[in-house]
Amino acid sequence: MLSWCRATYRLLTLRLDAEHAVPAPSVFVTVAQPTTDGALLVGRMADSTVASGRWQLPGGTIEPPTATARLDQEASARHAARELAEEVGLTVAHEELTLWAVTRGNWGNFGLHFRSPAQPITTLEDAHLSLTTRSRAQGLIPELDRISFIRSQADLAGLGGPTADFMPALAALHSRYGQSGIGG
């Protein structure tokens with residue numbers, strides 16, 4: 009059972025204070041965006057975010073649904089597609105996303121990780137560059153200040169900096185199953 013409360017970044021910041029840490033799990037979605045040559049896109053959170061410098065998949069916290077809306081797999085996929093567009097600049101229809109993995113994080117966070125159809129690295133780099141250029145021209149700071157491509161946990165560790173708690177497991181999953189997804 010889920011119960012919702014709206015919270016600001018302040019709640020996430022409280023987790024960083026060991027004396028006053030608050031267990032506040034969230035439900036979030038990400039998109040595992042593979043490349044046509046078998047890599048996986050990861051992004052580094054910008055300095056303006058609560059997780060500055062952290063490497064993760066494009067994604068975000070799910071907002072509570074309205075009283076008449078359902079939070080189901082389709083709604084979650086729509087949110088994941090929106091996050092991919094907002095953070096990478098790549099538009100993918102939510103119907104093209106498939107549920108890839110589910111994780112439970114260190115703070116009890118519940119993650120739904122969707123997989124998108126493979127794209128050439130140049131398509132992803134061009135989309136992100138275009139997004140960041142437009143954002144900066146409007147005086148905005150992109151959420152992901154850098155993207156990179158990994159094939160394994162070792163590649164993830166080699167990026168330097170912190171990673172989201174779910175990343176090592178998903179990097180291993182990607183390394184194991186590659187382009188075919190899970191069990192393909």
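Here the sequence shown stands for residues 9 to 192, where the numbers follow our numbering.
Ideal placement from N, C-alpha and C gives every residue a C-beta, glycine not left out.
About 5 Å separates the beta carbon of L92 from that of P66, a gap short enough to meet the 8 Å contact definition. Secondary structure note for I129: it is in no beta strand (DSSP E), and the uninterrupted alpha helix (DSSP H) holding it is I129 to A145. One alpha carbon belongs to T69, the other to H121, and they sit about 12 Å apart. Assigned with DSSP and collapsed to three states, P66 falls in coil, not helix or strand. In the three-state reduction of the DSSP assignment, V58 falls in the coil class. Relative to M175, the option among S84, L164 and G168 whose CA is nearest is L164. Burial of G97 is indicated by the presence of at least 16 other C-beta atoms within 10 angstroms of its C-beta. Excluding its 5 nearest sequence neighbours in each direction, F36 has C-beta neighbours in its own chain below 7 Å: G67, G68, T69, I70, N117 and G119, listed in chain order.
CA-to-CA, the gap between L105 and T140 works out to about 24 Å.
In this structure G169 is in contact with W63, their Cβ atoms being roughly 6 Å apart against a cut-off of 8 Å. Note on E95: 16 or more other CB atoms within 10 angstroms of its CB, so buried under the neighbour-count rule.
In the DSSP assignment, the residues bridged to T111 are G119.
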